Every structure is written in structure tokens, then in C-alpha cells.
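Below is one structure, written out as C-alpha cells; comments come after it.
Protein chains in written order, with the numbering used here: chain S, 124 to 559; chain P, 7 to 314.
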């Protein structure tokens, strides 16, 4: 019995991990590895690939929403806020200037022209706060007005790259419309999975068995199998990193329709998809993270007061950890990357100092391709250019660390140099008067 | 002995005429690594100058392998061509009896890697390390075998194996072993991409079988479950002591920390979980990378491999 339980727990936790990967793709912001697009853009793509969606019109104003309603000729329509974060339906809209609550729900079903007008007014230009946006929310500048349909059942479907099997995974559940994290937690056995073969693609038999495990039969099953095939082709052709449809619905006449569409792309494949630039919504991305990305820097803002400037992602994380270990709080993650230059290092200091809570900076460089003396000269230049008025600790190791230290020591600049990460972290914590 | 590469390994550089290939090829040669040639399609018949040492350039891997007898290849080609280079190497090595491919290139499209890894997996005698990694190095008596971009001078031949997802944090681990007068048999950077070749367990298993390696330092990071699986493997299979560190204890949930896979969500994939998996498996844990040296000494003393 013990063995069985252990196996099940492991299995369940593996499922949990996959779902979390989905979640992480959803919440990942900025231009690091993944580009998100809006539902209306994803649905246009679906339509082109022969994947069934309802008729719908992209709108940016109340007037446009009303003409969309008139042109759709559907008695019931959905008025949907278009932001990259999920949880729109259960979100809340606020007036961005007064902060007052305007409406519950970022996705509304309208039964009349008046409803459409009211909902569009409440959505357009207001702040939508959902579970995934965080309390700061997102201003909604795009809407989608879509014909309604009669739903018999809602399903969940996601397609993503599975790290464990190194292949494309299809995950489906009969519990559509719900939080998938909740499904994973409460009824993990309601989640069904198939994998595409890396060379042969999605096998028809696998698609059929996925449809069957969702309880689909006859024409609905055939439509599901066809949709899975088209989605796989779309996924491969456009270099997606994730497609999520929640809900995918069976209508009362047995048709399978993608009622929602969330598509994100693998940035590494941008070079073969120049059309992607036209789909980017820069207002959805963190300005400072875009700027950092363009300079080859990887930056994430945190809540502490000690800025970090490090080469390498693992070392950058470790630097944050050690600051915390010695009683400080890191203000950011910042990896300057292997190709850092004087310009990008100066820009990195600027980005760190834009955060007004920064009271001190730890520079941690393990020189490999990057030489410590080059970094030292860049630090001096940056300090002259932008005026470094907070305590600075520099830890150099690796390529030209002796030269780097000498450059700093002879510069007349107020800077503490150390040779280990521990010393560096302890020193910066002590200098800003924190720690234990 | 070291694992997978040693002083006798013959190395090919794919992308040898490119800027990265030349830059790192020179540094490999300076370390006395036996670079026997390179591949750049369309430039076969030329030679590449590695600081005065001329090596031949071939159009394809199959030609390069049959002419030089190389068993290792390192890839520095740009991301858009890298998966093609992996496939060329895998098929050519398999036809020639096997080989090791080390892909340094970062930014390869994930779906390209899905196909490339499937092909590598269909070649039973071929191993892929990376992509997006610093490579692998086995320090020798005079220089050694360096297949990658790591600073060679920080290493010294010894008895510790190192495996890590990170680049510079691997160097940190190397420096830590050196700080307690221990050198390395082999250091492997497996990279932080979601779809890659060799994983932690492959490396641990090779170190376990390597007679010269007496202990292993393993460096993980947040996200995924590779560290937990490795810990489980260690518990049931490893007789040699393992020292572990996990980067990202302070990483906030839902934020990607540089590497594609380094992200926590809903409290899963955290450093705390990985550290406790390490502890449960009897792995010696360092909470601060600057303490890896000390912890390693403790592990070696406990195993009767060092006095103090």
C-alpha cells in the first residue's frame, strides 16, 4: 500500500509541476523568452488555421463595440477585455484616476445593445485587476465583441513543450472554464494527456483517445481530433511556446468551438517569424524590462534595498540569496550576460538606480569571457556619468580580477572590493546599516 | 580518467571560422586541448589559424570525423543553424561509432531542440551536452581538455566532479574546491534550457563510475524538478559523497530569473523544496556558495578521504 501511495503522490506532484509550468508561462512577462498576444489576435490565427471560433470583432471604443454588435447580428454577445493576463472573467475593473470600483468581471455576456454599451463603457480605458495581473492591474485599451453560443459542456485544453519527455504535450480536462490550478489540486485524475511524436507528429490514434477520455463521441469526437491536428500544425509552424483554450466548448449541436484562445511564442524563433512584430503590444510589457532586454541585460525588480549587478543568471540568483542570508534584502535580479560592454554596464547601473529604494549596490563578477578590469573601468565610467551616491561593494574573481581590483583601488572612488561573495554580501549589508 | 573527455580526446569545432569559434578555439588550443579541425559548410579545404596552429576545415561532420578520427565536437554556430549542426554531428558520430557533442550556443528555438534531441536520442552512442551551457572541462597535468567557454586557468586536475545548470556559478564552485586545495576530474555545465541533452543524473552516474572522482559538487537552480529527481537517484545509487547548492532562495514566485527554466510558481520548484530533497537524500548542503569548499571538506572527512 505504501508503495502505491508513494507512486501516486509522485505522479500527482509531476502533474502539478506541469501545470505550474503552464502557469509560469502565463505569468511570465517582459520579453525574456516568451511573447504573448491578445485573444482577438490568437483567434484570427485560429480562424486561418481552420480551428472553429465564434465570429468576433476587435474594438477600441464604445462606438466600435456597438457597431460590432450591429454587424455580428447575434442576440447574445460576449464583451471581453483584452489584456495578456488571465483570470479576466473573475477580475474587477477600477477607474484608474479615482481608484473606484467600476464593474465586477472583465468578460461580460450582453443580452442587448444597451448591455453592450454599458459593459464597453465600464471596460474601455479602465484598470482591470485579476489574479494574474497583481494589484497594479492593467489598463484595458482593446476589447473583443464576440457572438454567443449555446454551450453544452466546457473543457480545458493546453499545448506546450513538456520538459520531461522533451516533446509537445496536449493536456485536456473536462473541467473547463475553471482555474486549471484548482483542477490540478482537487481532481488531478480529471486531466488527460497525450504527446506528439517529435518526428512523426501527432498520431491520430492518440488524438482519438484524448477525445474519448473527455467523453466525446461521434461528430464531436471527429471535430476534436481535427482541431487537435490543426492546433498541432499551428503550434509547430508558428513556434508557439503555449496554446491554452479555456474553455473549449461543445455546443448544443455537438460542434467543438474554441471560446477562448491564449497563444504565446518562443522568442528564440523570432528570426523566422518577422510578422510577430505586428502583433506585439508594448503596453503589456514592463518598460524597464524591455529596455534591459534590448541591452542584453536580464532584469527583474524586487522589493529590497540592495541593488545587484552580476554576470550569469545562476550567480545573480546566488548573490541575492547570500545578501538575504546575511540579513539584507536584494532590490533586483540583474544578469549582465556574457557579452556585456561599458555601455550595457552603465545602463545596468542606471536601471538599478531608477529604483528609489536602492540604498547600496553589490557588483559580483566571476570573470570568464568578461574581464574584471573591463568591468572595473565601466564601473568608474558609470559612476562619473550618472553619479553613484550609494555605497558600492565590488567582488571580483576569475579573469583579470587582480587588475580589476587595482583599477578600482587606484581610481579614488569610494568603493569596497572583496574577493568572495560572502564578504561582499556581508560588507554591503553592513554599509547600509542592515543585517543581524 | 575523468568523464567523457580527457587529454587524448580529439576535438572538432563546428563553426570554427566564425567569430565565436575562432575566439574560443584559440583558448582551447592554448590550454593544450587537442583541436584537430573544424567544420564550416562551404569552407571545406581551407585551414583555420588557432594562434599559429593551422587546423583543417571541412564541409561536413562526416568528412571531418573520417579525416581526423575525432570523437568530440563543440558547437559555436549561431542559434538559427545550431540544431542543424547538432543533427549533423549526431548522425555522423553514430555512423562512425559514437561521440560527444557539446553545444554552447544559446537562444536556439525550443521546437528545433525537440527535433534535434529526438535525433540524438535515436543515436545510442552519441551524447549531447547543452545547449546554452559553458561546456565541459577535464583539467590535465599540462593544460587539459577544455571543450567550451569556461576560464581554464581557475581549474586544476584533482578528484572532485562538478555538475551545474549555471555558467558562472560553476566557476564559483570550481574556485571553492580550489580554496580547499581540491582539484577537479571533470566539470560539466548542463545548461538551463527547457529541452536539452545530458541531465544531472547522467553526470552523477558517470562520476559514480569514474575511479578518479571521489566526490561530486552539484549546483541546481529553482524551477522544474530535475534537482529532486537527482536527489532521489543519489539516495538509491550514489556511494560517493555529494555536495549541493541551489540558487534562487530569494527569487519571487512567477518571475523568470534569466534562465528559461528558472521560475517558481504557486510555491513549487522552490529552492527550499530542492534543498530539503537534497537533505533527505543525504546530500551535504551549502546554503552560501562561498561555503561549498568548507562543506566539501566536511564531506571528504566524513568519508575518510581527508584528515581535515
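In this text, a Cβ means the ideal position worked out from N, Cα and C, and glycines have one as well. Nothing here was measured: the structure is a model prediction, and the numbers come from that model.
Residue i to residue j span [Cα, whole Å]
{"i": "residue 96(P)", "j": "residue 11(P)", "result": "17 angstroms"}
{"i": "residue 445(S)", "j": "residue 490(S)", "result": "19 angstroms"}
{"i": "residue 206(S)", "j": "residue 478(S)", "result": "26 angstroms"}
{"i": "residue 107(P)", "j": "residue 92(P)", "result": "7 angstroms"}
{"i": "residue 251(S)", "j": "residue 211(S)", "result": "8 angstroms"}
{"i": "residue 151(S)", "j": "residue 426(S)", "result": "Legend: pLDDT at residue 151(S) = 36, less than 50; position of this residue unreliable, no value from coordinates given."}
{"i": "residue 430(S)", "j": "residue 443(S)", "result": "9 angstroms"}
{"i": "residue 8(P)", "j": "residue 216(P)", "result": "7 angstroms"}
{"i": "residue 287(P)", "j": "residue 281(P)", "result": "10 angstroms"}
{"i": "residue 264(P)", "j": "residue 436(S)", "result": "5 angstroms"}
{"i": "residue 199(S)", "j": "residue 237(S)", "result": "12 angstroms"}
{"i": "residue 192(S)", "j": "residue 365(S)", "result": "31 angstroms"}
{"i": "residue 86(P)", "j": "residue 393(S)", "result": "10 angstroms"}
{"i": "residue 467(S)", "j": "residue 239(S)", "result": "49 angstroms"}
{"i": "residue 258(S)", "j": "residue 215(S)", "result": "10 angstroms"}
{"i": "residue 256(S)", "j": "residue 131(P)", "result": "48 angstroms"}
{"i": "residue 324(S)", "j": "residue 357(S)", "result": "12 angstroms"}
{"i": "residue 123(P)", "j": "residue 37(P)", "result": "30 angstroms"}
{"i": "residue 234(P)", "j": "residue 283(P)", "result": "6 angstroms"}
{"i": "residue 280(S)", "j": "residue 314(S)", "result": "10 angstroms"}
{"i": "residue 547(S)", "j": "residue 535(S)", "result": "19 angstroms"}
{"i": "residue 537(S)", "j": "residue 510(S)", "result": "12 angstroms"}
{"i": "residue 90(P)", "j": "residue 428(S)", "result": "45 angstroms"}
{"i": "residue 322(S)", "j": "residue 292(S)", "result": "14 angstroms"}
{"i": "residue 295(S)", "j": "residue 182(S)", "result": "31 angstroms"}
Which residues DSSP lists as bridging residue i, in chain order
{"i": "residue 540(S)", "result": "517(S)"}
{"i": "residue 60(P)", "result": "55(P)"}
{"i": "residue 295(S)", "result": "280(S) and 315(S)"}
{"i": "residue 363(S)", "result": "388(S)"}
{"i": "residue 115(P)", "result": "Beta-bridge pairing links residue 115(P) to no other residue."}
{"i": "residue 193(P)", "result": "143(P) and 168(P)"}
{"i": "residue 226(P)", "result": "252(P)"}
{"i": "residue 458(S)", "result": "421(S) and 433(S)"}
Residue i burial status per 10 Å Cβ neighbour count (16 or more: buried)
{"i": "residue 79(P)", "result": "buried"}
{"i": "residue 405(S)", "result": "exposed"}
{"i": "residue 194(P)", "result": "buried"}
{"i": "residue 155(S)", "result": "Per-residue confidence for residue 155(S) stands at a pLDDT of 45, beneath the threshold of 50, marking its modelled position as unreliable; the derived number appears in the next sentence. Residue 155(S) should be labelled buried."}
{"i": "residue 4(P)", "result": "Outside the shown range of chain P, which is 7 to 314, sits residue 4(P), and nothing can be said about it."}
{"i": "residue 147(S)", "result": "Because residue 147(S) carries a pLDDT of 40, less than 50, the predicted location of this residue cannot be relied on, and the following value inherits that uncertainty. Buried is the call here."}
{"i": "residue 159(P)", "result": "exposed"}
{"i": "residue 144(S)", "result": "Low local confidence applies: a pLDDT of 44 at residue 144(S) is under 50, so the model's placement there is unreliable, with the coordinate-based value given in what follows. Counting Cβ neighbours within 10 Å, residue 144(S) comes out buried, since at least 16 surround it."}
{"i": "residue 456(S)", "result": "buried"}
{"i": "residue 532(S)", "result": "exposed"}
{"i": "residue 383(S)", "result": "buried"}
{"i": "residue 488(S)", "result": "buried"}
Nearest-angstrom beta carbon gap, residue j and residue i [assumed within contact, 8 angstroms]
{"i": "residue 266(S)", "j": "residue 245(S)", "result": "Their Cβ separation, rounded to whole angstroms, is 11 angstroms, which puts residue 266(S) and residue 245(S) out of contact at 8 angstroms."}
{"i": "residue 67(P)", "j": "residue 98(P)", "result": "4 angstroms"}
{"i": "residue 202(S)", "j": "residue 165(S)", "result": "The pair is not a contact, with the Cβ atoms about 18 angstroms apart (cut-off 8 angstroms)."}
{"i": "residue 514(S)", "j": "residue 475(S)", "result": "Incorrect: roughly 13 angstroms between the Cβ atoms, too far for contact."}
{"i": "residue 432(S)", "j": "residue 459(S)", "result": "6 angstroms"}
{"i": "residue 154(P)", "j": "residue 140(P)", "result": "5 angstroms"}
{"i": "residue 116(P)", "j": "residue 389(S)", "result": "5 angstroms"}
{"i": "residue 550(S)", "j": "residue 539(S)", "result": "5 angstroms"}
{"i": "residue 32(P)", "j": "residue 57(P)", "result": "5 angstroms"}
{"i": "residue 317(P)", "j": "residue 298(P)", "result": "Here chain P comprises residues numbered 7 to 314, so residue 317(P) is not present and cannot be evaluated."}
Listed by chain order, chain P residues near residue i by CB distance under 9 angstroms
{"i": "residue 289(S)", "result": "119, 120, 123, 124, 127, 200, 201 and 202"}
{"i": "residue 293(S)", "result": "Correct list: empty, because the minimum Cβ distance to chain P is about 14 angstroms."}
Partner residues on chain S for residue i, Cβ-Cβ distance less than 7 angstroms
{"i": "residue 256(P)", "result": "443, 444, 447 and 453"}
{"i": "residue 116(P)", "result": "284, 364, 389 and 391"}
{"i": "residue 261(P)", "result": "423"}
{"i": "residue 85(P)", "result": "391"}
{"i": "residue 160(P)", "result": "521"}
Per-residue contacts from residue i into chain P (C-beta, under 8 angstroms)
{"i": "residue 286(S)", "result": "200, 201, 230 and 267"}
{"i": "residue 434(S)", "result": "174"}
Beta-carbon neighbours of residue i, restricted to chain P and to distances below 7 angstroms
{"i": "residue 458(S)", "result": "264"}
{"i": "residue 492(S)", "result": "155"}
{"i": "residue 489(S)", "result": "174, 177 and 178"}
Interface flag, residue i vs chain C, CB-CB below 8 angstroms
{"i": "residue 19(P)", "result": "Included in the structure are the protein chains S and P, with no chain C among them."}
Chain S residues whose Cβ lies nearer than 9 angstroms to that of residue i
{"i": "residue 294(P)", "result": "441, 444, 445, 448, 449, 544, 545 and 548"}
Within chain S, partners of residue i - CB distance below 8 angstroms
{"i": "residue 225(P)", "result": "437"}
{"i": "residue 171(P)", "result": "437"}
{"i": "residue 113(P)", "result": "391"}
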